[in-house]
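Colleague:
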Amino acid sequence: MIPEQFAMLHERLASHDGECVLCLATTANVNNPPVLVGSLRLADGVLAGNLIFRDIVLLPEIIKRFDALVSRFFIDCEVKAGIDLGAAALKLLPPGRRHFFKPNDFTVEAADEWVAQRIPDPEGARVAIVGAGNIGAKLALRLAERGSEVRLVGT
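Under our numbering, the residue at position 81 of the sequence shown is numbered 479, and the numbers go up by one with no gaps.
1) What's the C-alpha gap between aspartate 415 and aspartate 519?
2) Can you tell which of Asn430, Ile454, Leu411 has its C-alpha closest to the C-alpha of glycine 443?
3) Do leucine 550 and glycine 531 have their C-beta atoms within less than 8 Å of each other?
4) What does the Cβ neighbour count give for arginine 524, buried or exposed, with the cut at 16 atoms within 10 Å?
5) Could you tell me which of Ala487, Ala526, Lys478, Asp474 sits nearest to phenylalanine 504, measuring between CA atoms?
6) Among all the DSSP beta bridges, which residues are the ones paired with leucine 445?
7) Output the boundary residues of the alpha helix (DSSP H) element that contains arginine 463.
8) Over the uninterrupted alpha helix (DSSP H) stretch that includes arginine 540, give me the two end residues.
9) Using the three-state DSSP reduction, which class does arginine 452 fall into: helix, strand or coil?
10) From alanine 405 to phenylalanine 472, what does the alpha carbon distance come to, in whole angstroms?
Written as structure tokens, this is what we have:
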């Protein structure tokens, strides 16, 4: 049985007149609940719901519950803390309904653009990045490739 915390998301998607999609992402944060309901986003008439998984035990039931409401499922294909939503989605959704993406790479792109706006010529710039996880390491590499002196802090 899916907890009632999903009832509001279900209701919002069901009441939307346009297209709805559901993004299923993973987290390595052990302090999160097994499934966290993220924010809703509306863009160009498409309403996107977000669920963040720390454990995929509820995934089949969630897909079954939301299947009739959404046209597509966007699946985080980055394996985090042993959670492989991509492999599970291959078994649960037909090819035309599942689309894979890497949300951490979106974050890296956004952070890189933010830095580029503030430091147009990063060659020789001294930059500190807190954390050397997926996002921090990728951002550090991009800045180093453009000539910045990068230090990772808190790794």
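C-beta: ideal position from N, C-alpha, C; glycine also.
Modeller: Well, looking at it:
1) Roughly 46 Å separates the two Cα atoms.
2) Between glycine 443 and the set Asn430, Ile454, Leu411, the nearest pair of CA atoms involves Leu411.
3) Against a cut-off of 8 Å, the Cβ pair of glycine 531 and leucine 550 comes out as no contact.
4) Result: exposed.
5) Nearest in C-alpha terms to phenylalanine 504, of all of Ala487, Ala526, Lys478, Asp474, is Asp474.
6) Beta-bridge partners assigned by DSSP to leucine 445: Cys418, Leu440.
7) First-last of the alpha helix (DSSP H) with arginine 463: 457-464.
8) Boundaries of the alpha helix (DSSP H) harbouring arginine 540: 532-543, taken from the DSSP string.
9) DSSP places arginine 452 in the coil class of the three-state scheme, outside both helix and strand.
10) Straight-line Cα distance between these residues: approximately 20 Å.
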